[in-house]
Structures are given as C-alpha cells and as structure tokens.
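The opening position of the sequence shown corresponds to residue 3 in my numbering, with each subsequent residue numbered one higher.
For each residue, glycine too, the CB sits at the ideal point set by N, CA and C.
All values derive from a computational prediction rather than experimental measurement.
Heads up: the structure comes next, in structure tokens.
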Amino acid sequence: MNKLVIANILHRPLRSIISVLAVAIEVIMILSIVGIFMGMLDDQKARTNGIGADLMLQPSNASIFNGISGAPMPIKDDEAVRKLPHVAVVAPVITHFETSSNDFGVTDGIDYPSFDALRPFVFLAGGRFQGPNDVIVDDVFAGRQHHVGDTITVMKRPFRICGIVEHGKGARKLIPIDTMGMLIGSPGKASIFYIKADNPANDQTITQEIHSTPGLADFPVQTMEEWLSEMTPEKLPGFNLALDIVTGIAVVIGFLVIFQSMYTAVLERTREIGILKSMGASKADIVGVVLLETAVMAVAGIVVGIAATYGVRLLILYLFPTQHFEITRQWLGQGAGIAFVGSQLGALYPAWLAARKDPIDALAYE
3 MNKLVIANIL HRPLRSIISV LAVAIEVIMI LSIVGIFMGM LDDQKARTNG IGADLMLQPS
63 NASIFNGISG APMPIKDDEA VRKLPHVAVV APVITHFETS SNDFGVTDGI DYPSFDALRP
123 FVFLAGGRFQ GPNDVIVDDV FAGRQHHVGD TITVMKRPFR ICGIVEHGKG ARKLIPIDTM
183 GMLIGSPGKA SIFYIKADNP ANDQTITQEI HSTPGLADFP VQTMEEWLSE MTPEKLPGFN
243 LALDIVTGIA VVIGFLVIFQ SMYTAVLERT REIGILKSMG ASKADIVGVV LLETAVMAVA
303 GIVVGIAATY GVRLLILYLF PTQHFEITRQ WLGQGAGIAF VGSQLGALYP AWLAARKDPI
363 DALAYE
C-alpha cells in the first residue's frame with residue numbers, strides 16, 4: 003500500500019505539487035500572522051520593561067498600548083510624586099505612535115536626566131541631547147545606514163542623531179520631551195510617569211501614597227509585573243479575532259484544494275479501486291490509501307511551509323529591520339497540526355466515496 007501511495011503521488015506530479023503548496027500556504031499564513039503579532043507584542047514588552055521602572059502612573063483613560071493615549075498629564079504633577087518618601091526617580095515621558103510610511107512606530111519624548119536615572123543608557127556612539135532637534139536612536143534602528151551626525155526624519159521634522167544606544171530601553175527613537183510636546187500640541191504634558199522605588203518591596207506603599215495625593219486619586223498605577231501580565235493575546239482586543247480569521251481562511255484554502263485534488267483523483271482511479279477491492283481490499287483499506295496519500299502530501303506541505311516561513315521572516319527583517327518576527331515551537335506545532343487536520347478533513351469525503359464504489363462497476367469502467 004505504501005508503494006501504491008507513493009506511485010500515485012508521483013504519477014500526477016502537478017496535482018501533487020498544487021496540493022503540497024496549498025498546505026504550505028496555509029502554514030505560512032498562520033505562522034506569519036502569529037509571528038508578526040507576537041513579535042510586536044513581545045518586543046514592546048521587552049523594551050518597556052527595559053526602561054528600568056518599577057511602576058507606571060498613567061491617566062485614567064490610558065490604553066495598555068504605548069503611544070496611543072495622547073499626553074494629558076501635566077508634567078508638573080511629577081513634583082508631588084517625587085516628594086513621596088519611597089520614590090527614588092520619576093521620569094515623565096510622552097509616547098507617540100507615528101503611522102506615516104517612512105516613520106512608522108513609537109517615538110518617546112523623554113526628560114533625559116530622569117529617564118537615564120531609571121536605568122542608564124549604554125551608548126555605542128555619541129551621547130546625550132545637545133539641542134532641541136537631537137534624537138537618540140537604538141542600534142537596531144541605526145543598523146548600518148545611520149551614524150552619529152546624520153539627519154533623519156522624525157514626525158515629519160529633521161532631527162540630528164546625537165547618540166546611538168543599545169536596544170531594549172524604551173522606543174527606538176527618543177527626542178527631548180519639550181520638543182515632543184510642541185510637535186503634538188501638548189507642551190508641558192506627559193503620557194506616562196515611570197517611577198523607580200527606593201526598594202521594589204515598597205511598590206504597593208507608593209501606589210497607596212499616590213492615590214492619597216490630591217489630583218492623582220483617579221490615576222491608575224501599575225507595577226511593571228502587572229502591566230506585563232496584561233500584555234497577552236487573550237487580553238488584547240481583536241488579537242485573537244484577527245488570528246482566528248486568518249487561521250480560518252488558511253484552513254478553508256487548504257481544505258478546498260485537498261478536497262478538489264483528492265475528489266478528482268478518486269474519479270480517475272475508478273478502475274484501480276475496483277482491482278484493489280476485487281483482490282480483497284476492504285472499505286477501510288481504500289479509505290486508508292486515500293488518507294495516507296493526503297497525509298504524505300500534507301507533511302510535505304508542512305515542511306515546505308515552515309521553511310518558507312523562515313524565508314518570509316528573513317525578508318521582513320531585511321525590508322523592515324525594526325520589525326520583530328517571532329517563531330515559537332508552540333506555534334510551529336499548532337500551525338502544523340491545524341494544516342494536517344484540515345487536509346485530512348478535506349480528504350474524508352473523497353475517501354468515503356472511493357470506499358463505496360462497487361468492484362463490479364469499477365472493473366467494467368472504461
């Protein structure tokens with residue numbers, strides 16, 4: 003039976019290749035959408051956690067996504083927070099999400115002394131801001147194209163690169179907070195206060211003290227651990243919905259192509275099926291041949307799809323160096339499982355149709 007399965011696949015190479023590619027496309031679609039979504043999510047988590055803060059103070063209407071809540075908090079409010087007994091550092095920041103084609107992503111407006119005090123920058127070249135139109139970039143953004151002294155466009159304005167730092171501390175581009183406030187029309191305001199405690203054990207005490215401070219009672223305070231726990235696919239609106247839609251489309255594509263391929267193959271093998279049944283093959287044997295042939299093509303498609311996904315990852319990282327594309331073992335297994343089950347479901351009806359054929363009618367078929 004195994005030889006028969008391989009012979010059938012090789013006898014119709016074009017149909018087999020199309021079936022393999024259908025499964026491969028299914029795998030690529032699933033792994034790519036997961037890789038991009040999870041890459042963006044985990045990259046933001048890592049870079050925000052790398053700022054070095056223990057707590058985050060945000061306005062009451064703040065989103066868990068950095069950069070889309072505006073800058074509604076007066077920077078002067080940080081004075082009241084600094085006076086609290088267990089607060090070591092307060093760093094006001096404006097996070098702004100830019101969507102233009104040549105400047106996509108989050109840019110931070112920072113107060114350099116306090117932001118650096120949370121966790122010092124590690125400069126690879128250059129240094130701190132020297133003027134209002136300076137920008138600090140990380141090594142991922144800089145790559146091999148940008149150097150200290152170069153001019154880049156940030157929020158449709160020219161900025162001079164004054165320093166390049168190791169990635170992992172906030173946004174990939176950082177400009178003075180006063181400049182950011184002027185650009186977005188919110189001078190003297192901030193999106194978030196990053197707070198460093200004198201001892202992490204005092205986080206809850208600081209939270210209570212902030213909520214007891216006049217004017218700050220309604221502002222939510224989160225520890226970094228609490229914020230990180232919120233940044234999961236299950237708690238992000240639309241994440242799982244988008245993933246389910248893409249997965250569903252991928253499964254339908256694989257199902258239809260496998261169904262069409264195997265249904266046509268069964269119609270063409272009427273005489274072959276009759277010979278097998280006349281030689282004693284049971285209905286289960288016939289179904290097994292069809293499903294085994296589908297399984298072989300599905301496994302080949304999964305291998306091709308996984309290899310192609312790594313190719314897509316390399317292409318995306320080449321075209322968009324700042325984009326994080328994450329491929330995990332969990333999703334490699336899930337994507338492969340979804341594609342395999344979908345292909346087997348697509349072959350069930352053709353297999354059942356083949357098993358029902360009468361051997362006398364099949365042998366008389368011309």
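- Under the 8 Å Cβ criterion, the region 244-259 counts as touching the region 32-49, having at least three qualifying pairs.
- At the C-beta level, residue 56 and residue 197 come within 9 Å of one another.
- Residue nearest to residue 36 within the set 347, 315, 108 is 315 (criterion: CA-CA distance).
- In the structure shown, residue 211 adopts helical secondary structure according to DSSP, grouped into three states.
- With respect to the 9 Å criterion, residue 97 and residue 193 are classified as neighbours on the basis of their beta carbons.
- In the three-state DSSP reduction, residue 168 falls in the coil class, being neither helix nor strand.
- Residue 176: member of the beta strand (DSSP E) spanning 175-178, first to last residue.
- The three-state reading of DSSP puts residue 219 in coil, since its state is none of H, G, I, E or B.
- Bounds of the beta strand (DSSP E) holding residue 126 are 125-128.
- Residue 77 is not a Cβ neighbour of residue 172, given a cutoff of 9 Å.
- Going by beta carbons, residue 25 and residue 339 fall outside the 9 Å limit.
- Taking C-beta separations shorter than 8 Å and ignoring five residues to either side along the sequence, the partners of residue 142 in its chain run 169, 174, 323, 324, following chain order.
- In the structure shown, residue 14 adopts coil according to DSSP, grouped into three states.
- Closest in C-alpha terms to residue 278, from the list 343, 266, 292, comes 292.
- Scanning 199, 140, 129 for the CA closest to the CA of residue 58 turns up 199.
- Proximity of the region 200-217 to the region 124-141 falls short of the contact definition, fewer than three beta-carbon pairs being nearer than 8 Å.
- For the pair residue 178 and residue 246, the Cα-to-Cα distance works out to about 41 Å.
- Taking 9 Å as the cut-off, the beta carbon of residue 241 is found no closer than this to the beta carbon of residue 95.
- Across the structure, residue 306 and residue 226 are spaced so that their CA atoms are roughly 40 Å apart.
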